[in-house]
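**Student:** Handing you this structure, nothing more for now.
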Amino acid sequence: MDRVEQDAGAASPGDWLRQANSLRDQRMWDAAILAYRAYLDLRPDDWRAHIQLGHSLKESGDPSDALLAYRAAEALAPNSADVHLQIGHALKLMGDAAQAWRAYARALEIDPASEEAAREASALARLATPLARSARAPGQAVQIVFDTSDLVAFLADNRTPTGIQRVQLNVTARALLDPIDDVATAAVAFDAAGGAWREIGRDLFLRLWRLSRTGGDPKAPDWAAVLAELHEALADGPDFVFAPGAALVNLGTSWWIKDYFLHVRHVARQYGVRYVPMIHDCIPLMAPEHCSPALVEEFAQWFSGMLALADSALTNSEWSAADARRIAQEVLPGLDLPIAVVPLDADLRKELGAPAAPAWTDRADLPQPGEPFVLCVGTIESRKNHLMLFQAWLTLVRKHGAERVPRLVCIGKPGWLADAAMTLWRNSPVLQDRVSIAHGVPDVTLAGLYGAALFTVANSHYEGWGLPVTESLSFGRVPLVSRNTSLSEAGGEAAVYFEPRNEPDLVARLEQLIFDAEARARHEQRIRETTRLRSWGDIADQVMRAAAARRDAPMQDSGARLPVMPGVTYPLCLAGGGRAERGKAVADMVRDGLNWLALERWGVWTRPGVARMRIALPPGAADRPLRLYLGCVAPGEETTVRLRAYGAGTPPPRFVALTAEGAGSRFTCVLDVAAPAREVLVEIDAGVGVQLGSQAKPDPRRAGIGLTSFMICAEDDLVGRLDFLERHAFRVLRPD
């Protein structure tokens, strides 16, 4: 022992490393371990030597100590794919398939070309995190299912994600890679044609995620191959089976999916699934002038139904949460919907790793190496207010000369109401020269642009968070931001602000950041001193904790939140208009089960078989005999349907037959409610139904009967009964 200590004191670090490598090459593992440890005592920051120590320990039959050595290397080089690959090997030897798979997946994330990591991850994918399929016992893992339906639709035509898609990809990928304790995760997409969710395997989803970050060509062979695999899985895969009490987390949009809530209600009733949407913003309701009319109507319908159905909700900012709560109180006064705020303060630089030098493929719409430029990231649309930004650039050039004004690089393709900004850009030679517009830019290129920019600018009228602001901060670049909505949350103390819609103030702030390098450096120093960002993994953890926190909370049926008021006529149709309203929620929520076609402007068709309505009443309403009124429409052929209405929990009465004839004819059906209760069930049995289409108007659907509205009231409520009948007999004109 004395001689070893004496040798250790005399040998240099280089001597120890050469000796260790020689012993390793001779497969003298125990001696190599001693030599590597002696070297690391002198040079503890050499992560490659930690890996070699791990190799020697693993080969000597000690995978647990090898894992410790690899973890030490990981702490020093977290963005080395080889480190995570070796961690995966050690974990696999120790029998921990779940953690080994995650290590291989992390290696693939860093180096998508690693064939070894891809092979190992694929082999272990099915063993990573088994999902609960039986009744959840106390303490059993809760299943959190991420609905990525709109992401799948987006990726069919786009490879580079925008704001909401970026959130979905990163949070879902992190949740699949590393679920929190007592949680099992899955990714699914809704198949509207089949009326069910289909699972997207973890390896498949993670390949989509990695490729969306590293390339921008939607026609590249590797991208086309993974899309083909995705479409095959969704077309031919089995229906996804929700575990009891699962949380269905939708981080994207679903208002464009017909009758999405009908199916969510079905799995909620069947499996106790809790629906947890993320409200990225309420812009269609708060600033509809910047949205398409169709989006405004769809969002108003969705928001109305969401309030009655969601077990809880997520938002990305306090501003969005306040908007959501305000609208909720207008629609359903007194509603206490739990809303968790999950800020999107993600550190893009940390996620991608800092490149040694910012670089990107040579493109005419991107800056040349060494060229000074200002970066603006976001879809070009009226809400982002590129028009004022372009006007400000014209002012700068006319005031200071083109040679002194850096190029403005806009990353984003034209969107809704972009014509004004794009027309100005096309018609101005100055802007053509000093403003570039690029899209199809992958994350790795975007990271290089952030790192090389002088600063960034965001001039939006309204935001739910402001990812480009946070991303700018992550690269130490000053974001110049309009002081409104959630942008002040995203920018925090470190952003530079200008007054909204104030072009002179914007120009003044631009001049300061362009021409005063010392001022810009002071702002960058402030970023380093005040900004603390999180990883997407941290954000995913918060999402999972919020969804899992309500695993044991009592579930509230949508009817309890949304009682149907007696004597009030409720349309059963897409009412249109840009306001969230109670009536829109009722039209969606009273339809129970899957035997309904989608709501339309005029009303809704029942499907063949038994369609059910579930009508919840306020306290005391069922103390008297009740009568139900249905506005009906006959289908294309004569048909006979059977109806009955009765209190839930009471013996159902016999059906009453009704013959509907005269294609499109409208009539009113009146039913007495047998044994009234707080919840009334209405069943409409259409048998095999009839064909809706004709030779003149083809329509492959089969239906039972059409409904336009309903009203339930006390038998002696003459005012309510008269109101319903007048609405169906006359055009009743009332002020808005």
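Residue numbering for the sequence shown follows UniProt numbering, beginning at 1 and increasing consecutively.
Virtual Cβ for every residue (Gly too), placed ideally from N, Cα, C.
Fair warning: this is a prediction, and the values are worked out from it, not measured in the lab.
Answer with buried or exposed for R501, where buried requires no fewer than 16 other C-beta atoms within 10 angstroms of its C-beta.
**Tutor:** Translated into positions along the sequence shown, residue 501 becomes position 501. Result: exposed.
**Student:** Start and end of the alpha helix (DSSP H) containing I87?
**Tutor:** Here residue 87 refers to the residue found at position 87 of the sequence shown. It spans 81–93 - the alpha helix (DSSP H) in which I87 sits, taken as one unbroken run.
**Student:** Strictly by DSSP, which residues pair up with M711?
**Tutor:** Indexing the sequence shown from 1 puts residue 711 at position 711. Per DSSP, Y629.
**Student:** Skipping 5 residues on each side, what residues in its chain have a beta carbon closer than 7 Å to that of I200?
**Tutor:** Here residue 200 corresponds to residue number 200 of the sequence shown, with the count starting at 1. Only T148, A187, V188, A189, L230, A233 meet the Cβ criterion.
**Student:** So, do the stretch 527–534 and the stretch 283–302 have three or more beta carbon pairs nearer to each other than 8 Å?
**Tutor:** Segments in contact, no.
**Student:** If you drop the 5 nearest sequence neighbours on each side, which residues of the same chain put their C-beta closer than 6 Å to that of K584?
**Tutor:** Against the sequence shown, residue 584 aligns to sequence position 584. Around K584: Q301, S304, A575.
**Student:** What residues match up with I144 in a beta bridge as DSSP calls it?
**Tutor:** One-based indexing of the sequence shown puts residue 144 at position 144. Looking at the DSSP assignment, I144 forms a beta bridge with T185, A247.
**Student:** Kindly give me the distance between the Cβ atoms of V409 and P367, rounded to whole angstroms, as I take these residues to be in contact under 8 Å.
**Tutor:** Locating residue 409 in the sequence shown gives position 409, counting from the first residue. Locating residue 367 in the sequence shown gives position 367, counting from the first residue. Between P367 and V409 the Cβ distance is about 6 Å, and since that is below 8 Å, they are a contact.
**Student:** Within the same chain, show all residues whose beta-carbon is closer than 8 Å to that of F205, passing over the 5 residues directly before and after it, in chain order.
**Tutor:** Start at 1 with the first residue of the sequence shown, and residue 205 comes out as number 205. Contacts found: T148, T172, A173, L176, A187.
**Student:** Once DSSP output is grouped into helix, strand and coil, what is the label at W255?
**Tutor:** Counting from 1 along the sequence shown, the entry for residue 255 is found at position 255. Of the three classes helix, strand and coil, the one that applies to W255 here is coil, per DSSP.
**Student:** Alpha helix (DSSP H) containing P284: first to last residue?
**Tutor:** As a working mapping, residue 284 is identified with position 284 in the sequence shown. Looking at the DSSP string, the run of the alpha helix (DSSP H) that includes P284 is 283–286.
**Student:** Please report the distance separating the alpha-carbon of R550 from that of A100.
**Tutor:** Numbered from 1 along the sequence shown, position 550 holds the residue referred to as residue 550. Numbered from 1 along the sequence shown, position 100 holds the residue referred to as residue 100. Distance between the alpha carbons of R550 and A100: 30 Å.
**Student:** Could you pull the start and end residues of the beta strand (DSSP E) that R407 belongs to?
**Tutor:** Here residue 407 corresponds to residue number 407 of the sequence shown, with the count starting at 1. First-last of the beta strand (DSSP E) with R407: 407–411.
**Student:** Between I164, L124, V152, which has its C-alpha nearest A228's C-alpha?
**Tutor:** By 1-based counting over the sequence shown, the position of residue 228 is 228. With distances taken between Cα atoms, A228 lies closest to V152.
**Student:** Check whether the Cβ atoms of I712 and I684 lie closer than 9 Å to each other.
**Tutor:** As a position in the sequence shown, residue 712 is number 712, starting the count at 1. As a position in the sequence shown, residue 684 is number 684, starting the count at 1. Cβ atoms of I712 and I684: not closer than 9 Å.
**Student:** For A657, which of helix, strand or coil comes out of DSSP?
**Tutor:** On the sequence shown, position 657 is the one that residue 657 refers to. If DSSP states are grouped into helix, strand and coil, A657 belongs with the strands.
**Student:** May I ask which residues mark the beginning and end of the beta strand (DSSP E) holding Y646?
**Tutor:** Numbered from its first residue, the sequence shown carries residue 646 at position 646. Note, Y646: beta strand (DSSP E), 639–647.
**Student:** Sort R477, A598, L626 by Cα distance to H523 and report the nearest one.
**Tutor:** In the sequence shown, the residue the question calls residue 523 occupies position 523. Closest option to H523, Cα to Cα, is R477.
**Student:** Using three-state DSSP, classify Q691 as helix, strand or coil.
**Tutor:** Within the sequence shown, residue 691 is the residue found at index 691, counting from 1. Of the three classes helix, strand and coil, the one that applies to Q691 here is strand, per DSSP.
**Student:** Just the C-alpha distance for L42 and D111, rounded to the nearest angstrom, thanks.
**Tutor:** Within the sequence shown, numbered from 1, the residue matching residue 42 stands at position 42. Within the sequence shown, numbered from 1, the residue matching residue 111 stands at position 111. Cα to Cα, L42 sits roughly 31 Å from D111.
**Student:** Kindly list the residues whose CB is nearer than 6 Å to the CB of A117, restricted to its own chain and excluding five residues on each side of it in sequence; keep chain order.
**Tutor:** By one-based count along the sequence shown, residue 117 stands at place 117. So the qualifying residues of the chain are L85, Y104, A107, L108.
**Student:** Have a look at the DSSP bridge pairing and note the partners of V276.
**Tutor:** To locate residue 276, count along the sequence shown from 1; it is residue 276. BP columns for V276 point to V249.
**Student:** Does any C-beta atom of chain C lie closer than 9 Å to the C-beta of G537?
**Tutor:** Of the protein chains in this structure there is only one, and it is not chain C.
**Student:** For T379, list the residues DSSP reports as bridge partners.
**Tutor:** The residue given as residue 379 occupies position 379 in the sequence shown. According to DSSP, which records beta bridges pairwise, T379 is partnered with nothing at all.
**Student:** Look up D191 in the DSSP assignment and say whether it is helix, strand or coil.
**Tutor:** Here residue 191 is taken as the residue at index 191 of the sequence shown, counted from 1. It is a strand residue.
**Student:** By DSSP's criteria, G492 is part of a beta bridge. Which residues make up the other side?
**Tutor:** Working through the sequence shown from its first residue, we reach residue 492 at position 492. According to DSSP, G492 bridges with nothing at all.
**Student:** May I ask you to report which of helix, strand or coil DSSP gives M306?
**Tutor:** In the sequence shown, the residue the question calls residue 306 occupies position 306. If DSSP states are grouped into helix, strand and coil, M306 belongs with the helices.
**Student:** Suppose you measure from the CA of S212 to the CA of G378; what does that come to, to the nearest Å?
**Tutor:** The residue you call residue 212 lines up with position 212 of the sequence shown. The residue you call residue 378 lines up with position 378 of the sequence shown. Cα to Cα, S212 sits roughly 17 Å from G378.
**Student:** Could you tell me the boundaries of the alpha helix (DSSP H) in which V444 lies?
**Tutor:** Here residue 444 refers to the residue found at position 444 when the sequence shown is read from its first residue. Residues 443–452.
**Student:** Using 10 angstroms around the beta-carbon of G163, count the other beta-carbons present and answer buried if the total reaches 16, otherwise exposed.
**Tutor:** The sequence position of residue 163 within the sequence shown is 163, counting from 1. It counts as buried.
**Student:** Here's a check: name, in chain order, each residue in its chain whose Cβ is nearer than 7 Å to the Cβ of Y39, leaving out the five neighbours to either side.
**Tutor:** Stepping through the sequence shown from its first residue, residue 39 is reached at position 39. Answer for Y39: P13, W16, L17, A20, A49, listed in chain order.
**Student:** Considering only their Cβ atoms, is the gap separating A703 from P608 smaller than 9 Å?
**Tutor:** As a working note, residue 608 is residue 608 in the sequence shown. As a working note, residue 703 is residue 703 in the sequence shown. A contact, by the Cβ cut-off of 9 Å.
**Student:** Could you give the DSSP three-state label for M589: helix, strand or coil?
**Tutor:** Locating residue 589 in the sequence shown gives position 589, where the first residue counts as 1. Looking at M589 - three-state DSSP - the assignment turns out to be helix.
**Student:** Can you give me the Cβ contacts of L131 inside the same chain, cut-off strictly under 7 Å, excluding the 5 residues immediately before and after it?
**Tutor:** Position 131 of the sequence shown, counted from the first residue, corresponds to residue 131. Model confidence at L131 stands at a pLDDT of 38, short of 50, so the residue's coordinates are unreliable; what they give is reported in the following sentence. Answer for L131: Q143, A184, A186, A243, listed in chain order.
**Student:** Please report the residue range of the beta strand (DSSP E) in which P479 lies.
**Tutor:** Position 479 of the sequence shown, counted from the start, is the residue given in the question as residue 479. Where P479 is concerned, the enclosing beta strand (DSSP E) stretches over 479–482.
**Student:** Could you tell me which residues DSSP pairs with L671 in its beta bridges?
**Tutor:** Translated into the one-based positions of the sequence shown, residue 671 becomes position 671. Its beta-bridge partners are L628.
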